[in-house]
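A.B. asks: Okay, handing you the structure first.
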Amino acid sequence: MATPKEMLTTWDKIQFGAVLPSFEDPKTKKRSKFHSYNYKVADWRVEKPVFNPDLCINCDFCWVWCPDSCILVEEVTTKRGKKQAKMVGIDYDHCKGCGVCVDVCPTPIKSLLMFPEHTPIEEALAQWPKKEDKKKD
Amino acid sequence: MAEKYQLKKTEVWDGNMAAAHALRQAQVDVVAAYPITPSTPIVQNYAQFLADGYIDGEFVMVESEHSAMSACVGASAAGGRVATATSSQGYALMVEVLYQASGMRLPIVMTVVNRALASPLNIHGDHSDLYLGRDAGWIHLICNNPQEAYDLTLCAFKIAEDERVRLPVTTNQDGFLVSHTAQVVHPLDDDTAYKFIGDYKPLNPMLDTENPVTYGAQTEEEWHFEHKANQHKAIMDSFPVIEEVFQQFKDLTGREYKTIETYKMDDAEIALIVMGSTYETAMVAVDEARKKGIKVGVVMPRVFRPFPYNQLAEILKNVKAIATLDRSAPMGTTGALYNETAGALMANGQSAILTNYIYGLGGRDTTVEHLLQVIEETQQNAEAGKRVTPLQGFINLRGPKLSFN
Numbered sequence: 000m001a002t003p004k005e006m007l008t009t010w011d012k013i014q015f016g017a018v019l020p021s022f023e024d025p026k027t028k029k030r031s032k033f034h035s036y037n038y039k040v041a042d043w044r045v046e047k048p049v050f051n052p053d054l055c056i057n058c059d060f061c062w063v064w065c066p067d068s069c070i071l072v073e074e075v076t077t078k079r080g081k082k083q084a085k086m087v088g089i090d091y092d093h094c095k096g097c098g099v100c101v102d103v104c105p106t107p108i109k110s111l112l113m114f115p116e117h118t119p120i121e122e123a124l125a126q127w128p129k130k131e132d133k134k135k136d
Numbered sequence: 000m001a002e003k004y005q006l007k008k009t010e011v012w013d014g015n016m017a018a019a020h021a022l023r024q025a026q027v028d029v030v031a032a033y034p035i036t037p038s039t040p041i042v043q044n045y046a047q048f049l050a051d052g053y054i055d056g057e058f059v060m061v062e063s064e065h066s067a068m069s070a071c072v073g074a075s076a077a078g079g080r081v082a083t084a085t086s087s088q089g090y091a092l093m094v095e096v097l098y099q100a101s102g103m104r105l106p107i108v109m110t111v112v113n114r115a116l117a118s119p120l121n122i123h124g125d126h127s128d129l130y131l132g133r134d135a136g137w138i139h140l141i142c143n144n145p146q147e148a149y150d151l152t153l154c155a156f157k158i159a160e161d162e163r164v165r166l167p168v169t170t171n172q173d174g175f176l177v178s179h180t181a182q183v184v185h186p187l188d189d190d191t192a193y194k195f196i197g198d199y200k201p202l203n204p205m206l207d208t209e210n211p212v213t214y215g216a217q218t219e220e221e222w223h224f225e226h227k228a229n230q231h232k233a234i235m236d237s238f239p240v241i242e243e244v245f246q247q248f249k250d251l252t253g254r255e256y257k258t259i260e261t262y263k264m265d266d267a268e269i270a271l272i273v274m275g276s277t278y279e280t281a282m283v284a285v286d287e288a289r290k291k292g293i294k295v296g297v298v299m300p301r302v303f304r305p306f307p308y309n310q311l312a313e314i315l316k317n318v319k320a321i322a323t324l325d326r327s328a329p330m331g332t333t334g335a336l337y338n339e340t341a342g343a344l345m346a347n348g349q350s351a352i353l354t355n356y357i358y359g360l361g362g363r364d365t366t367v368e369h370l371l372q373v374i375e376e377t378q379q380n381a382e383a384g385k386r387v388t389p390l391q392g393f394i395n396l397r398g399p400k401l402s403f404n
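Order-wise, the sequence lines are chains V and W. With numbering that gives the first Met the number 0, letter number 48 in the first sequence gets 47, and the count goes up by one each step, no holes. With numbering that gives the first Met the number 0, letter number 89 in the second sequence gets 88, and the count goes up by one each step, no holes.
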C-alpha cells in the first residue's frame, strides 16, 4: 500500500534504524503513525468472511483463532453478571480472508461464511443457508 | 557480580587471547557464536572466562554463523551489549545478517580473524573476508598485532555505542600471523578498561515492553533510499568520533592510533599502501630501502570503512609513485586499496603513478625481500616519470611472472 504523502519524511528526519515505535505516548497508549493499525492491509483479499449475528453463540473461537486480530468484540455483562466478549463484526481493513474463523465456527449452521469480496453484506446474509425442516411423517 | 581477573602489567598473548580479554573486560551481555578457525580461541577463551565466573553474561551456542549474527541482532535489539567473533566461511555465511545489523543501527562488535575464502579450502590469513564485508555498513578497524587487537577491540565498543554513531564495528587481525602469534601485550586492569568503555546505554530496546517498537521494518521504493542515505551519513560522519575515542585511549594508555597510520612519509617520494600485519614487514623493508637512498614510506588505513580518502590524498600529496598491496584476489579488476587510492587522488586533483600488487593469498609469506622488490619497481616508475612496470603484479607466486596491464 502506498504511504500517504503527509507521512513521507526526508532522509534527515527518517526514523532511526527504521525502528518504529508503536505508541506516540506510551502512557496514554496513543498509537503512533507507524502503528500497523493505521495501515489498510487487506487489498489482496478475494473472499471475505461475513458475520451473521442471528446464529452466533459468542463462543469467541474465531476471536482466539484469527491470526490478524480482525474479530471485533465488545465487552458485555450477561444476565448472571458475568463479563463476556460479544462478537460484533469483522475488521475488513486488516482481514486477509484466510477463512480460519469460518473453519472454527461451531454453530450447526455456520455464523461466519466466506463470500466473494464484491458481494454486499445484505446480499450475503440473504443467501445464508436455512435450517432444513425435519420431515414430518 | 563478575570476578576480577588478575592481570600482570605485561602479558604474553596471541591476538585471539587479546581479543577475548577485551571482550571479557567489556562485560558483554550476550555473545552468540559458532567458532571457526582461526578465530575459535576467541570464543573458546571467552566461554572459559564465563564458566570461571569472570563474566556476567550469556554465551549462546548456535547452529551456524548465520544464526550467530541473527542471535546477536536479536540480543542487541533487545537492549544488550553484544559481541561475536568469526572468520572466512563463517563471515561469508553471516553477510546477509551483517547488512541487517547495520541497517537497524545495532552497535554489535565483531572480532574478525581474517582468513582466505574457499575454494580451494584454506584456513590461513588473507583479506578475502574483510573485503567481502566491505559494503555491509560496518566500521572496519585493522589490527596488526595482539596489542592492537586488544586496544582496538576496547575502542570498538566505545565507537559503536556512541550515540552519534550507533553502528556495528569489526576489528580485523590476520589469521595465524596475529591471531596465533604470542607477543607482549600491556593490558589495562579490568576496572580501568570497563570505565574506558562505559556502561551500555540501550536505545529503543525491545525489552522495554511499556514502549513496544518494531525492528526490521519493510521499506519499499518510497522509504528505502532515505533510510540508506541516513545510514551512509552516519558512517561517513563517524570519523570525528573514531578520532575522539583514539585520543581518549591515548590519554589513558599513551598508545596512539590514527585513522591512517604512516611510517617515514614526511619526505617520501614513493609509497606503499598496505593493510594488516604486512604493514610491520613493510616498515622493516622501508628502513632497508632507505639505507640504499630510496625515499620510501608506507601507509596503512587503520580504518578501512569509513575510508579516509581525503586524508589519504593529503598524505600522498608529494609522492611520485605508489604501490597498493591487496591481500585478496580482486577477480577481474584491480584490488580494493588500488581503487580507493586512485579515487582519493582523483577526487583531490592529484596524480601519481599507481600500481597494484596482489600478495599473501591463503597465508603465503610476504617477506622483507619481496617488499624490497616492490619498492624497487615503484622506484623505477618514479624515476621514469611514467609507469614502466605492470599495472598489477603478484608477489611470491610460483611459476612464470604473472602480471596485467
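Glycine included, each C-beta is placed from N, C-alpha and C at the ideal position.
1. Anything in chain V within Cβ reach of residue 418 of chain W, meaning under 8 Å, just list it in chain order.
2. Would you identify the three-state DSSP class for residue 22 of chain V, choosing helix, strand or coil?
3. Going by beta carbon distance, what residues of the same chain come within less than 7 Å of residue 361 of chain W, once the five residues before and after it are set aside?
4. Please tell me whether residue 74 of chain W has its Cβ less than 8 Å away from any Cβ of chain V.
5. At the 8 Å Cβ level, is residue 43 of chain V part of the contact set with chain W, yes or no?
6. Verify the CB distance criterion: does residue 169 of chain W have a CB-CB separation below 8 Å to chain V?
7. Could you tell me whether any Cβ in chain V is nearer than 8 Å to the Cβ of residue 212 of chain W?
8. When you compare each of W:393, W:368, W:35 to residue 110 of chain W by their alpha carbons, which one comes out closest?
9. Does the region 279-296 of chain W come close enough to the region 246-259 of chain W that 3 or more CB-CB pairs lie under 8 Å?
10. Contact check, residue 94 of chain V vs residue 111 of chain V under 8 Å by CB: the rounded distance?
11. Determine, for residue 9 of chain V, whether the minimum Cβ-Cβ distance to residues of chain W falls below 8 Å.
12. Name the chain V residues that come within less than 7 Å of residue 216 of chain W, Cβ to Cβ?
13. Taking only beta-carbon atoms, is residue 3 of chain V less than 8 Å away from chain W?
14. Output the distance between the C-alpha atoms of residue 112 of chain W and residue 38 of chain V, rounded to the nearest integer angstrom.
15. Would you say residue 228 of chain W lies against chain V (beta-carbon separation less than 8 Å)?
16. When you compare the CB of residue 162 of chain W with every CB in chain V, is at least one pair closer than 8 Å?
17. Could you run through the region 44-70 of chain V and flag, in chain order, every residue whose CB is less than 9 Å away from some CB of chain W?
18. Give the straight-line distance between the Cα atoms of residue 404 of chain W and residue 380 of chain W, rounded to the nearest whole angstrom.
19. Measuring straight from C-alpha to C-alpha, what distance separates residue 210 of chain W and residue 6 of chain V?
20. Per DSSP, which residues does residue 162 of chain V bridge with? Please list them.
21. What are the complete alpha helix (DSSP H) segments, minimum 4 residues, inside the region 178-216 of chain W?
22. Under 8 Å between the Cβ atoms of residue 196 of chain W and residue 157 of chain W?
23. For the region 36-50 of chain W against the region 184-199 of chain W, are there 3 or more C-beta pairs whose distance is under 8 Å?
24. Of all Cβ atoms in chain V, is any one closer than 8 Å to the Cβ of residue 225 of chain W?
25. Residue 107 of chain V touches chain W at which residues, Cβ-Cβ below 9 Å?
26. Could you check where the alpha helix (DSSP H) with residue 54 of chain W kicks off and where it finishes?
27. Is there at least one Cβ from chain V nearer than 8 Å to residue 95 of chain W's Cβ?
28. How far does the alpha helix (DSSP H) with residue 311 of chain W in it extend, from its first residue to its last?
29. How would you write the range of the beta strand (DSSP E) that residue 354 of chain W sits in, first residue to last?
30. Can you find a CB in chain W that lies within less than 8 Å of the CB of residue 13 of chain V?
31. Can you pull the chain V residues whose beta carbon is under 8 Å from the beta carbon of residue 338 of chain W, in chain order?
C.D. replies: The relevant details are as follows:
1. Shown here, chain W extends from 0 to 404; a query on residue 418 of chain W therefore has no answer.
2. strand
3. 115, 121, 123, 125
4. no
5. no
6. no
7. yes
8. W:35
9. no
10. That belief does not hold up - the Cβ atoms of residue 94 of chain V and residue 111 of chain V are roughly 11 Å apart, past 8 Å.
11. yes
12. 17, 19
13. no
14. 45 Å
15. yes
16. no
17. none
18. 14 Å
19. 21 Å
20. Summary: the structure shown does not reach residue 162 of chain V, with chain V confined to residues 0 through 136, and so no result is reported for it.
21. 189-196
22. yes
23. no
24. yes
25. Result: empty, since nearest Cβ-Cβ is about 41 Å, beyond 9 Å.
26. Where residue 54 of chain W is concerned, there is no enclosing alpha helix (DSSP H), given that its DSSP letter is neither H nor E.
27. no
28. 308-314
29. 352-357
30. yes
31. By Cβ distance, chain V contributes nothing, its closest Cβ being about 26 Å from residue 338 of chain W, past 8 Å.
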